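Chains C and H are the protein sequences, given in the same order.
Under the numbering used here, the first residue of the first sequence carries the number 1, and numbering increases by one thereafter.
Under the numbering used here, the first residue of the second sequence carries the number 1001, and numbering increases by one thereafter.
Encoded as structure tokens, the structure appears first; notes follow it.
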Amino acid sequence: DAKTTQPPSMDCAEGRAANLPCNHSTISGNEYVYWYRQIHSQGPQYIIHGLKNNETNEMASLIITEDRKSSTLILPHATLRDTAVYYCIVRESGGSYIPTFGRGTSLIVHP
Amino acid sequence: GAVVSQHPSWVICKSGTSVKIECRSLDFQATTMFWYRQFPKQSLMLMATSNEGSKATYEQGVEKDKFLINHASLTLSTLTVTSAHPEDSSFYICSADDTGGDSPLHFGNGTRLTVT
């Protein structure tokens, strides 16, 4: 079973920020939070990951709460091309732990 | 960044035939690769974990004799769907583990299998 829960769907206007939440209340101390997205009929694409500090890259920002039980992926200026299913998963660093995917959040960016 | 190449991207085959899907890590060595199956409007479901030089570990409910996995080198894993049936029609996705600290999994672009 997936160790994360996400809202099934969200929508956002083009050009606005999209904030996608994820709950991972049973996360353990050595587990990272990873975000992927999947555009229809393609393989998942890595977005960003973090352990406890907030992270930012060219695609998105990741905000992790202090207790690490939840996180938010932020797409600062959503475009139509950001329409996809977004998955949040947790995984140990360098371990053999196998990540399982929940149902993710289907984000629709509308004009 | 790291790239995983999956081939073919789509295939149509007749019932009873076998289909082989390849997954290659192009610029890193992957001791572990994962195979997922995805039905329409559903999430990725893990089928098996493929370890280089050893037998694959299958998830409960996945028939190992039907879904043959070979991981003969550090850059190549193959999934063969044997005696395919229409219910095997699905989207198959591989991922490779660039085992180095907190490196993310890298995914192939998937293979759309249609069994007629």
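C-beta: ideal position from N, C-alpha, C; glycine also.
Just so you know, these numbers come straight off a predicted model, no measurement behind them.
Y112(C) at chain H interface by Cβ criterion, 8 Å: What is shown of chain C runs 1 to 111, which leaves residue 112(C) out entirely.
Q. In or out: P76(C) buried (at least 16 other Cβ within 10 Å) or exposed?
A. Along the first sequence, one-based indexing puts residue 76(C) at 76. So P76(C) ends up on the exposed side.
Legend entry - Alpha carbon of G102(C) to alpha carbon of V1004(H), nearest angstrom: Taking the first sequence and counting its residues from 1, one reaches residue 102(C) at position 102. Taking the second sequence and counting its residues from 1, one reaches residue 1004(H) at position 4. Cα-Cα distance, rounded: 22 Å.
Hey, out of P44(C), T5(C), L51(C), whose CA is closest to S25(C)'s CA? Here residue 25(C) corresponds to residue number 25 of the first sequence, with the count starting at 1. When only C-alpha atoms are compared, the closest one is T5(C).
Note to self: Does any residue of chain C have a CB that is nearer than 8 Å to the CB of I1093(H)?
What the structure shows: The count along the second sequence starts at 1 and reaches residue 1093(H) at position 93. Yes, its Cβ sits closer than 8 Å to a Cβ of chain C.
Q. Which residues bound the beta strand (DSSP E) around E31(C)?
A. Residue mapping note: residue 31(C) aligns to position 31 of the first sequence, counting from 1. Segment 31-38, the beta strand (DSSP E) holding E31(C).
(message) Under DSSP, the beta strand (DSSP E) around Q45(C) begins and ends at which residues?
(response) Counted from its first residue, the first sequence places residue 45(C) at position 45. From DSSP, the beta strand (DSSP E) with Q45(C) extends over 45-50.
- Is DSSP giving D1097(H) helix, strand or coil here? Here residue 1097(H) refers to the residue found at position 97 when the second sequence is read from its first residue. Looking at D1097(H) - three-state DSSP - the assignment turns out to be strand.
- prompt: In terms of residue numbering, what span does the beta strand (DSSP E) encompassing L1026(H) cover?
  reply: As a working mapping, residue 1026(H) is identified with position 26 in the second sequence. Here L1026(H) belongs to no beta strand (DSSP E), and DSSP marks it neither H nor E.
Open item on the list: Less than 8 Å between CB atoms is the rule here; does F1028(H) satisfy it with respect to chain C?
Closed with: By 1-based counting over the second sequence, the position of residue 1028(H) is 28. By this cut-off, F1028(H) is not an interface position.
**Request:** Please confirm if G104(C) has its CB atom under 8 Å from at least one CB of chain H.
**Result:** For this step, residue 104(C) is matched to residue 104 along the first sequence. Cβ-Cβ to chain H under 8 Å: yes for G104(C).
message: Give me the chain C residues within the contact set of G1061(H), using Cβ-Cβ distance strictly less than 9 Å, ordered along the chain.
response: Position 61 of the second sequence, counted from the first residue, corresponds to residue 1061(H). Result: empty, since nearest Cβ-Cβ is about 14 Å, beyond 9 Å.
**Request:** Starting from the beta carbon of Q42(C), find every residue of chain H whose beta carbon is closer than 7 Å, and list them in chain order.
**Result:** Here residue 42(C) is taken as the residue at index 42 of the first sequence, counted from 1. Chain H residues near Q42(C): N1109, G1110.
Discussion item. As a quick exercise: from D1065(H), S1090(H), T1017(H), K1041(H), pick the residue whose alpha carbon is nearest that of A84(C).
Written reply: Residue numbering aside, residue 84(C) sits at position 84 when the first sequence is read from its first letter. With distances taken between Cα atoms, A84(C) lies closest to K1041(H).
Please report whether the beta-carbon of F1039(H) lies at a distance below 8 Å from any beta-carbon of chain C. Here the question's residue 1039(H) lines up with position 39 in the second sequence. No, because no Cβ of chain C sits closer than 8 Å to the Cβ of F1039(H).
Assigned secondary structure, D11(C) (DSSP; H/G/I helix, E/B strand, else coil): Stepping through the first sequence from its first residue, residue 11(C) is reached at position 11. In the structure shown, D11(C) sits in a strand (DSSP, three-state: E or B).
* **For N23(C), the residue or residues it bridges with in DSSP** => Here residue 23(C) corresponds to residue number 23 of the first sequence, with the count starting at 1. Bridge partners of N23(C): T5(C), S70(C).
ask   = Can you name the residues of chain H whose CB is closer than 7 Å to the CB of P99(C)?
value = Sequence index remark: in the first sequence, residue 99(C) carries index 99 (1-based). Here the neighbours are L1105.
H77(C): contacting residues in chain H (beta-carbon distance under 7 Å) = Position 77 of the first sequence, counted from the first residue, corresponds to residue 77(C). By Cβ distance, chain H contributes nothing, its closest Cβ being about 22 Å from H77(C), past 7 Å.
Next on the checklist: Restricting to Cα atoms, I'd like to know which of L1074(H), T1078(H), T1114(H) is closest to D1027(H).
Outcome noted: Counted from its first residue, the second sequence places residue 1027(H) at position 27. Ranking L1074(H), T1078(H), T1114(H) by Cα distance to D1027(H) puts L1074(H) first.
*From the DSSP output, which residues share a beta bridge with R1112(H)?*
Residue numbering aside, residue 1112(H) sits at position 112 when the second sequence is read from its first letter. Note: R1112(H) sits in a beta bridge opposite W1010(H), F1091(H).
I need the DSSP call for R91(C), collapsed to helix, strand or coil.
In the first sequence, the residue the question calls residue 91(C) occupies position 91. In the displayed model, R91(C) falls within a strand according to three-state DSSP.
request  = Could you spell out the range, first to last residue, of the beta strand (DSSP E) harbouring A1072(H)?
outcome  = Locating residue 1072(H) in the second sequence gives position 72, counting from the first residue. Counting along the chain, A1072(H) sits inside the beta strand (DSSP E) bounded by residues 1067-1073.
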